[in-house]
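Only one structure is covered here, and it is reproduced in the block below.
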Amino acid sequence: MRCLVVGTSGAGKSTFARALAQAAGCPHVELDDLYWGPEWTAVPPDAFTHAVRAATTGAHWVADGNYSAARDVLWPRATHVVWLNYGRWTVFSRLLWRTLGRGLSRKPLGHGNRESLRMAFFSRDSILLWSVTTFSKNR
Numbered sequence: 006m007r008c009l010v011v012g013t014s015g016a017g018k019s020t021f022a023r024a025l026a027q028a029a030g031c032p033h034v035e036l037d038d039l040y041w042g043p044e045w046t047a048v049p050p051d052a053f054t055h056a057v058r059a060a061t062t063g064a065h066w067v068a069d070g071n072y073s074a075a076r077d078v079l080w081p082r083a084t085h086v087v088w089l090n091y092g093r094w095t096v097f098s099r100l101l102w103r104t105l106g107r108g109l110s111r112k113p114l115g116h117g118n119r120e121s122l123r124m125a126f127f128s129r130d131s132i133l134l135w136s137v138t139t140f141s142k143n144r
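48 is the number that the numbering used here gives to position 43 of the sequence shown; each next residue is one higher, with no gaps.
Here's what the structure looks like:
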């Protein structure tokens, strides 16, 4: 099985994909971990595409994410696609609680990055703002 899990930011892609990969006994590939470098710096597009290709070379994997740069690599190879298509308020409330939890705990994410409440509520780079402004397009 080569499964791609897609949906808007906060839909639960990583949570679902992690559980599915564990149940299926195959690797979980979180595209966010391949896309974001230290200090929330995006890796160059060619490096990202190469990393996605390298992480999904096997016969079995579950990947999650909505990166357009990964579409040409993943979609033709996926045997299954799971689309998490929840409503705006369900997604936003999940994202809000996730962001609050991560902002308060300061738990390190990929490459040592941490979400902050300041970034979530007082920045143009806010994941909450991103969700509100891109929901319709990404859904």
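Here a beta-carbon is modelled for each residue, glycine too, at the ideal position from N, C-alpha and C.
Interface flag, residue i vs chain D, CB-CB below 8 Å
i           : result
residue 141 : Of the chains in the structure shown, none is chain D; there is only one protein chain.
When the options are compared against residue i, the one with the closest alpha-carbon
i           : options             : result
residue 63  : 31, 117 and 72      : 31
residue 123 : 70, 140, 78 and 104 : 104
residue 120 : 129, 128 and 107    : 107
residue 73  : 93, 92, 94 and 50   : 50
Residue i versus residue j: straight-line alpha-carbon distance, rounded
i           : j           : result
residue 109 : residue 137 : 22 Å
residue 132 : residue 125 : 6 Å
residue 101 : residue 85  : 29 Å
residue 8   : residue 75  : 14 Å
CB of residue i within 8 Å of CB of residue j, strictly
i          : j           : result
residue 33 : residue 22  : yes
residue 83 : residue 36  : no
residue 66 : residue 11  : no
residue 39 : residue 60  : yes
residue 71 : residue 143 : yes
Terminal residues of the beta strand (DSSP E) in which residue i lies
i          : result
residue 55 : No beta strand (DSSP E) holds residue 55; the alpha helix (DSSP H) holding it covers 50-60.
Residue i CB to nearest heavy atom of the ligand FMN below 7 Å
i          : result
residue 77 : Annotation note on the ligand FMN: not contained in the displayed structure, which lists no ligands.
Element boundaries [alpha helix (DSSP H), containing residue i]
i         : result
residue 7 : No alpha helix (DSSP H) holds residue 7; the beta strand (DSSP E) holding it covers 7-12.
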